[in-house]
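> Residue numbers (this note's numbering), protein chains in the order written: chain A, 100 to 936; chain B, 389 to 600.
1. Taking the Cβ atom as the reference point for each residue, do residue 268/A and residue 670/A lie within a distance shorter than 9 Å?
2. Going straight from the alpha carbon of residue 772/A to that of residue 308/A, what length do you get?
3. Do residue 643/A and residue 615/A have their C-beta atoms closer together than 9 Å?
4. Say whether chain B places a C-beta atom closer than 9 Å to the C-beta of residue 132/A.
5. Mind checking whether the beta-carbon of residue 355/A lies closer than 8 Å to any heavy atom of the ligand SAM?
6. What number of angstroms, rounded off, separates the C-alpha of residue 516/B from the C-alpha of residue 503/B?
7. For a minimum of 4 consecutive residues, which ranges assigned as the alpha helix (DSSP H) are wholly contained in the region 183 to 228 of chain A?
8. Which whole-angstrom value describes the C-beta separation of residue 59/A and residue 438/A, a residue pair presumed to lie in contact below a C-beta threshold of 8 Å?
9. Using the C-alpha atoms, what's the distance from residue 480/B back to residue 561/B?
10. Based on Cα-Cα distance, which residue from 414/B, 422/B, 417/B, 440/B lies nearest to residue 112/A?
11. What do you reckon, are the CB atoms on residue 535/A and residue 281/A nearer than 9 Å?
12. At a Cβ threshold of 9 Å, is residue 572/A touching chain B?
13. Can you check whether the C-beta of residue 405/B is within less than 9 Å of a C-beta belonging to chain A?
14. Short check: CB of residue 275/A to CB of residue 243/A, under 9 Å?
15. Helix, strand or coil for residue 298/A, going by three-state DSSP, please let me know.
16. Nearest to residue 302/A by alpha carbon, out of 334/A, 449/A, 240/A?
17. Does the pairing of the region 332 to 348 of chain A with the region 727 to 738 of chain A give three or more beta-carbon distances under 8 Å?
18. Note down, in chain order, all residues in the region 183 to 196 of chain A with a beta-carbon under 8 Å from any beta-carbon belonging to chain B.
19. From which residue to which residue does the beta strand (DSSP E) around residue 638/A run?
20. So, does the region 898 to 908 of chain A touch the region 824 to 836 of chain A, judging by three or more C-beta pairs under 8 Å?
21. Is there contact here, the region 226 to 235 of chain A with the region 658 to 669 of chain A, by at least three beta-carbon pairs under 8 Å?
22. To test your reading of the DSSP string, which unbroken alpha helix (DSSP H) runs of 4 or more residues are found completely within the region 432 to 475 of chain A?
23. Going along the region 109 to 129 of chain A in order, which residues come within less than 8 Å of chain B, judged by CB to CB distance?
24. In angstroms, rounded to a whole number, what distance separates the CA positions of residue 586/A and residue 872/A?
25. Rank 441/A, 390/A, 450/A, 409/A by C-alpha distance to the C-alpha of residue 937/A and give the top, closest one.
26. What do you reckon, are the CB atoms on residue 466/A and residue 895/A nearer than 9 Å?
27. Evaluate residue 590/A with the Cβ neighbour count: other Cβ atoms within 10 Å of its Cβ, from every protein chain shown; 16 or more gives buried, anything less gives exposed.
28. List the endpoints of the continuous alpha helix (DSSP H) containing residue 502/B.
29. Under 8 Å between beta-carbons, which chain A residues line up against residue 524/B? List them in chain order, please.
30. Is DSSP giving residue 472/B helix, strand or coil here?
31. Which residues does DSSP pair with residue 157/A in a beta bridge?
32. Could you tell me which uninterrupted alpha helix (DSSP H) segments, each at least 4 residues in length, are contained entirely in the region 300 to 375 of chain A, listed from first to last along the chain?
33. Where does residue 756/A fall in DSSP's three states?
34. Which residues in the same chain have their Cβ closer than 8 Å to the Cβ of residue 593/B, if we skip the five residues on either side of it in sequence?
35. How many angstroms separate the CA atom of residue 493/B from the CA atom of residue 485/B?
36. For residue 246/A, does the three-state DSSP call read helix, strand or coil?
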């Protein structure tokens, strides 16, 4: 064959190619020679676990290609489908990255560039050197108060590989630093409830559901949605509660139990059970409870003996309830006006509460509002007036929707995991907070950045905001969880250095200076409980795939960091991953032996089935001991009893949280409250149904199953939609004075007029990165929520005191900017985004 | 056949050049090599191919502008990172598995098989469906004398199936334009190479009357 066998075009191609000559090497060759071992990595199913459930992963040639639920999970979660994607998706953080301007100028960098994404890749050594140098600089020049770690609240499951534990263990060897107190989920409740009923309540086990099924006549779901929220757990869920809720559903259908959902929205639980609803106006829950309490008192239906024997302070509360202090009795008429119900509805409900056994189940949305402390307090008082606290299937609980609340806790040992060192050497830098506080309420972080040195009242203390220079975030996504995104962008410029550890490139990574790639749960070995509250069993969490790209385990990241100040061997205790897991397991064996629970040897466990089921426990009643023997089992309150009036809180002299609960208008409220003329719609930003907060949002294929026009759904009732000329699938602008987002319309009769919802965890996707006020193209509801503390008691999140307006988006639709594969939504189409195969 | 062998040898050099350019950031040495005689000759050679002429000119312009920047190595490294190491919409995925024609596990399995066949493995734990790995694999196929029909199958299945979309995104997102120009040139070259492989097939097996 010669050149003339080809047409002129190919002849020119040949000529060009032949003239290319020998190009010199521009860099290393991407491939090297390897003889692959025969039969390397055949197909197998590997057991693992996650917040979404336990499962088995099908791995072929080292690639995870399929997922099936764990055989002991009878109610597997749909979100398991989304889990594999996070290992391989385009949002994966692959290499250590440093913002270019920060690399050049360090703490003097131009911080307004954060969010614009100009990063360079660095080696791990370089990255850790930079982090170490920053820690040294800040400790020396600014003291311990200059270093801050964000709450690693949703680290991946596993007793060993705890992101927060790994970070604290390492940083603690170097020096002290500012940490957070509370969390975004239940800040108000977890501060007030110890004062009122002597314990945290929210993160604790509930009365066993079998006892509710057997004894309860009426369940009151107060802003509580177990069917949605029980899908995920802090540890690996066993999902057994779904079996109990199925039984409750059957009893509802048979008319043997009534379930009333007090909620402006028809929740997933209500739809599942087919139960009743009391659709009150948003943020009026305390008014309703006061109206109920007044009715019970007025009609002499309340349990006076219970109040007398188990509570203190009723006499101090009564004048307010009856209107003696402010000339306004908190009667059904008064409450009806605020709640949007009729007085008769309220009275009937009150009468129902004392007719038979009533189980109150309090959710957490209602305490994520301005004055959020009032609701859990008042619910305890209401339950006290009903008088059934401590009875099987009666009383009140605040954790039914979480962590398998209501399961029967097993008799097995609870393993601890990687924690602090037992005898650590003195840290390199002594504690030196320079007069500032060592911890701040998590939701007040932005206030802290904006006003260092300012004092803050918090749960009876006076805190002083530290002057934070360096912030480290691991297993945290502040650019999702914190309220008022635009205020946050401005405040973020105050930080000299931001370090983020993650495996997904979240908005927090975009606003960081140093990003370190960590492995996902599925690239690690570990052990974990099966069932958070239930502790039903113990399972091996096996490594599904090798660590991807340059991702490292948190444990290795921090041990390498410790090497830089000679503490790596102290950190690791000279154990590798499997040695650690074995040590943790064997601690559990010892514990178990002391409790009469025999466990197999580690090798039998790990090399065998990798699952142990503990002996079953007995059904249990929350507050039961207290009710039966209040002297022997007093509550953790000053009086040992339920504090309807709290002398402690009264002594704090907080205007927004005095000595007993009261109704206070929040700073903004729909349905005739403050601000409702301009922004008439109440925005709910509840925990999502298809994510764990912001986790799994970057699983593109799964997100495509619920996104609308590629955006986070906005749920809106038919009346409100019609008034705005909206139809299903439209893209709307949701806005208020704090910001604006795009979302996709879902019209649902579940939503009362004046109430809309965008689930939190929707990834912040600014049109212009780093610019406050820019449009969020995906639908992050925390662009719209306020950053105001619940009150001086808990300084919690008030995310649900948020009003918005909604309008059809006009003009050319911008693409979604937060994440995703290479598909883009064409500007003129309103179809749902295509699934990325 | 000396002509075809020589063309193959040169094609392998060109594919290797692209794979090294796109695998990772250029070091100081790499930048020096980029402006040396050999590499300039390569670019001028590609310019002889009419369909690539404008693409080469555009790349050469971006190359000259890039070299003039202060701290050009660091700036170029930031361009590389922003485009290929960060996810959309800042960057563009350099992994075939993220594109609509396939999915990650499937693509990685297929490429892994090829790597095993040719006794090769990626450096630095890079995923097998990275653009540079695929280009390096194409180099290997050529050098090992794999049948041109197989080469064309590989090229179409693993490169042309997604490079045009990837390149389009690069043009949209690459602020400075050096790497998007490189991608444009690469895509153009691969398209021309595919036509070359088809032409070879036709030249060796001309269509008989009645055949399409």
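C-beta atoms are modelled at their ideal positions from N, C-alpha and C, and glycine is treated no differently.
To lay it out plainly:
1. yes
2. 38 Å
3. no
4. yes
5. For the ligand SAM, the structure offers nothing, since it holds no ligand at all.
6. 8 Å
7. Runs of the alpha helix (DSSP H) inside the region 183 to 228 of chain A: 184 to 187, 199 to 204.
8. Given that chain A is displayed from residue 100 to residue 936, the structure contains no residue 59/A and the question cannot be resolved.
9. The C-alpha of residue 480/B is placed about 8 Å away from the C-alpha of residue 561/B.
10. 440/B
11. No, Cβ-Cβ distance for residue 535/A and residue 281/A is not below 9 Å.
12. Contacts with chain B at 9 Å (Cβ-Cβ) do not include residue 572/A.
13. Interface residue, yes.
14. yes
15. Residue state, collapsed to three classes: coil.
16. 334/A
17. no
18. Within the region 183 to 196 of chain A, the qualifying residues are 187, 188, 189, 190, 191, 193, 194, 196.
19. 636 to 640
20. yes
21. yes
22. 442 to 452
23. 109, 111, 112, 113, 114, 115, 116, 117, 118, 119, 120, 121, 122, 123, 124, 125, 126, 127, 128, 129
24. 9 Å
25. Nothing can be reported for residue 937/A: it is not among the residues displayed for chain A, which extend from 100 to 936.
26. yes
27. buried
28. Per DSSP, the unbroken alpha helix (DSSP H) holding residue 502/B starts and ends at 492 to 505.
29. 128, 129, 130
30. helix
31. Here residue 157/A is bridged, per DSSP, to 144/A, 165/A.
32. 308 to 314, 325 to 328, 340 to 352, 367 to 372
33. strand
34. none
35. Looking at the two C-alpha atoms, the distance is approximately 7 Å.
36. Correct three-state label for residue 246/A: strand.
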